[in-house]
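Colleague: Below you'll find the structure I mean.
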Amino acid sequence: MNLPQPSDEALAQSDALVARLRTSITEAGGWISFADYMHQTLYTPGLGYYSGGAHKFGPAGDFITSPELTPLFGQALAQQVAEVTAQSAPHVLEVGAGTGHLAADLLLALDRLGCAPEQYSILEVSGELRGRQADTLRERAPALAERVRWIDALPEHFSGAVVANEVLDVMPVHVLVWRDGAVFERGVAINAEGGFAWADSPASEHLRVASQTLGAPMPADGEYVSELNLAGPAWVADWSARLEAGALLLIDYGYPRAEYYLPSRSNGTLLCYYRHHAHGDPFMWPGLNDITAFVDFTAIAEAAFETGLSIYGYTSQASFLYNCGVLELLAERGDQTQPDYIRAARAVQRLTAPHEMGELFKVLAVGKGLAEPLLGFRRGDRLHGL
């Protein structure tokens with residue numbers, strides 16, 4: 001694939017991260033897990049993809065997320081957020097707020113509903129993104145921007161609505177390989193040219209035991225490759241002691257476990273994004289590419305349930321948005337022949353069409369102390385499929 005060439009400044013940043021990764025691999029005896037590599041590549045302070053300074057979202061970045069397609073996404077989501085905060089506390093916490101578009105849309109929509117949160121917290125690891133978020137909020141929601149606070153870690157105690165849009169997919173994953181009747185972990189080593197290469201090692205006892213619950217096929221010949229995300233379930237389980245009342249609204253692309261580990265999905269779901277190009281080489285320009293893996297929503301739901309959180313619903317993004325009134329919000333745009341309406345309608349189609357984001361993305365709600373069913377899951381709930 002012919003990808004756009006990074007700038008000299010970006011390449012210098014990547015080279016600095018490569019040097020740190022080489023040191024890390026050498027000090028570990030010549031091999032690190034892919035989860036370790038992914039964590040360092042995405043989150044090394046000042047050098048990682050999400051903690052460096054490069055633009056990531058929007059036309060000038062590497063990908064476009066749902067809130068950037070249309071404000072209707074945030075306006076529909078606000079209907080669900082309002083229901084959660086009414087039963088818990090007037091506080092919203094957004095994890096990984098991107099450009100700040102979703103925060104602005106939610107604040108404006110909640111204000112129109114008469115339930116603007118007393119505080120809107122944003123947990124963001126990137127200093128560059130914090131700056132962009134602040135600029136977006138001052139420009140688009142100036143009267144409400146003063147309610148926003150940036151935080152560095154999850155709060156000890158929280159009541160309200162937690163919004164995590166495309167957060168779980170960038171949590172580090174282990175890469176597992178099933179072959180010859182055994183399970184291996186595919187990690188990262190240094191090749192002869194000083195770059196990085198895949199290298200397999202027998203899976204640890206912990207990973208081997210965890211892999212037995214996945215239902216992944218052991219091929220008669222060849223190999224089956226997939227991912228195991230331990231960080232996502234641990235993150236959700238951590239909320240069980242922090243959340244006093246409210247819900248986590250988790251929006252991401254993924255599958256229930258029975259679909260995640262299908263025999264036909266023998267190469268896994270790992271993908272990288274650079275300048276709106278998807279590719280499969282996580283060793284290309286470390287720190288300049290996003291690295292993602294689809295979410296095993298069964299694992300997330302199990303971790304929530306086992307630590308005392310209630311599972312309030314699981315459905316496709318299309319069903320969730322329809323339940324939250326996205327079509328009614330679109331109709332409020334007025335004249336269907338006007339460019340504004342046409343652009344909005346095309347964005348809604350992309351968000352909800354089965355061959356676009358409507359089926360690929362799912363929404364899972366977990367939490368404490370809420371009445372059921374929640375608005376977004378009143379029709380089309382798929383909890384039985386988890």
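Numbering (the UniProt record's numbering), first residue to last: 1 to 386.
We treat Cβ as the ideally placed atom computed from N, Cα and C, and that holds for glycine.
Output yes or no for whether 8 angstroms exceeds the beta carbon distance between V225 and I32.
Modeller: In this structure, I32 does not lie closer than 8 angstroms to V225 by Cβ.
Colleague: Does the ligand FAD have a heavy atom nearer than 7 angstroms to the CB of S159?
Modeller: Only the bare structure without any ligand can be found here, which leaves the ligand FAD out of the picture.
Colleague: Run the CB neighbour count on E139, radius 10 Å, all protein chains shown included, and call it buried at 16 or more, exposed below.
Modeller: exposed
Colleague: Does the beta-carbon of V209 have 16 or more other beta-carbons within 10 angstroms, so that it is buried, or is it exposed?
Modeller: exposed
Colleague: One question on the structure: do L107 and V348 come within less than 8 angstroms of each other, judged by their Cβ atoms?
Modeller: no
Colleague: Please specify which runs of the beta strand (DSSP E), each continuous and at least 3 residues long, are wholly inside the region 76-158, giving them in chain order.
Modeller: 91-95, 119-123, 148-151
Colleague: Taking the straight line between their C-alpha atoms, what separation do you get for T298 and Y260?
Modeller: 9 angstroms
Colleague: Determine the DSSP secondary structure at D15, reduced to helix, strand or coil.
Modeller: helix
Colleague: With DSSP run on the structure shown, which of helix, strand or coil describes I342?
Modeller: Note: I342 maps to helix in three-state DSSP.
Colleague: Shortest alpha-carbon distance to E328 belongs to which of Y341, S316, A216?
Modeller: Y341
Colleague: Over the uninterrupted beta strand (DSSP E) stretch that includes H174, give me the two end residues.
Modeller: 174-179
Colleague: Quick one: grab the DSSP three-state call for Y274.
Modeller: strand
Colleague: Looking only at C-alpha atoms, which of D281, V84, P263 sits nearest to L271?
Modeller: D281
Colleague: Alpha carbon to alpha carbon, what distance is there between G114 and G58?
Modeller: At G58, the pLDDT of 49 sits below 50, so the modelled position is not reliable and the matter cannot be decided from this model.
Colleague: So is residue 430 buried or exposed if we call it buried at 16+ other beta carbons inside 10 Å?
Modeller: There is no way to answer for residue 430, as the model of the chain reaches only from 1 to 386.
Colleague: Please identify the residue among L21, T26, H39 whose C-alpha is closest to the C-alpha of I291.
Modeller: H39
Colleague: Any contact of the region 184-202 with the region 18-37, i.e. 3+ C-beta pairs under 8 angstroms?
Modeller: Remark: three or more beta-carbon pairs, one from each stretch, lie closer than 8 angstroms, so the region 184-202 and the region 18-37 are flagged as touching.
Colleague: When you compare only the Cα positions, how much space is there between F361 and Y322?
Modeller: 14 angstroms
Colleague: Under the assumption that T99 contacts E68 (Cβ atoms under 8 angstroms), give the Cβ distance between them as a whole number of angstroms.
Modeller: 7 angstroms
Colleague: How many angstroms separate the CA atom of L228 from the CA atom of H206?
Modeller: 12 angstroms
Colleague: Suppose you measure from the CA of W178 to the CA of A199; what does that come to, to the nearest Å?
Modeller: 14 angstroms
Colleague: Within the continuous beta strand (DSSP E) that includes E227, where are the two ends?
Modeller: Per DSSP, E227 belongs to the beta strand (DSSP E) from 224-228.
Colleague: Pull up the DSSP beta-bridge partners for I311, would you.
Modeller: V366
Colleague: Figure out for me which residue from L154, A197, I251 has the closest Cα to the Cα of F294.
Modeller: I251
Colleague: Where does Y50 fall in DSSP's three states?
Modeller: DSSP, read as helix, strand or coil, puts Y50 in coil.
Colleague: Identify which residue in R22, K368, A278, E9 has its Cα closest to the Cα of A192.
Modeller: Taking A192 as reference, the option from R22, K368, A278, E9 with the minimal CA-CA separation is R22.
Colleague: For D238, count neighbouring Cβ atoms within 10 angstroms of its own Cβ and tell me buried if that reaches 16, exposed if not.
Modeller: exposed
Colleague: How big is the Cα-Cα spacing for E156 and E244?
Modeller: 10 angstroms
Colleague: Measuring straight from C-alpha to C-alpha, what distance separates L3 and G268?
Modeller: 23 angstroms
Colleague: What is the DSSP secondary structure of P202, counted as helix, strand or coil?
Modeller: strand
Colleague: Since I believe H91 is in contact with Q133 (beta carbons under 8 angstroms), could you give me their beta-carbon distance rounded to a whole number of angstroms?
Modeller: Not confirmed; about 18 angstroms, so no contact.
Colleague: Would you give the residue range spanned by the beta strand (DSSP E) that A245 belongs to?
Modeller: 243-255
Colleague: Do the CB positions of L137 and A104 come within less than 8 angstroms of each other?
Modeller: yes
Colleague: Near G358, what residues of its chain come up, given a Cβ to Cβ distance below 7 angstroms and the 5 sequence neighbours on each side ignored?
Modeller: Closer than 7 angstroms at the Cβ level, and outside the excluded window around G358, lie S316, Q317, A318, L351, T352.
Colleague: Helix, strand or coil: which one does DSSP assign to E359?
Modeller: helix
Colleague: CA-CA distance, T44 and L375?
Modeller: 39 angstroms
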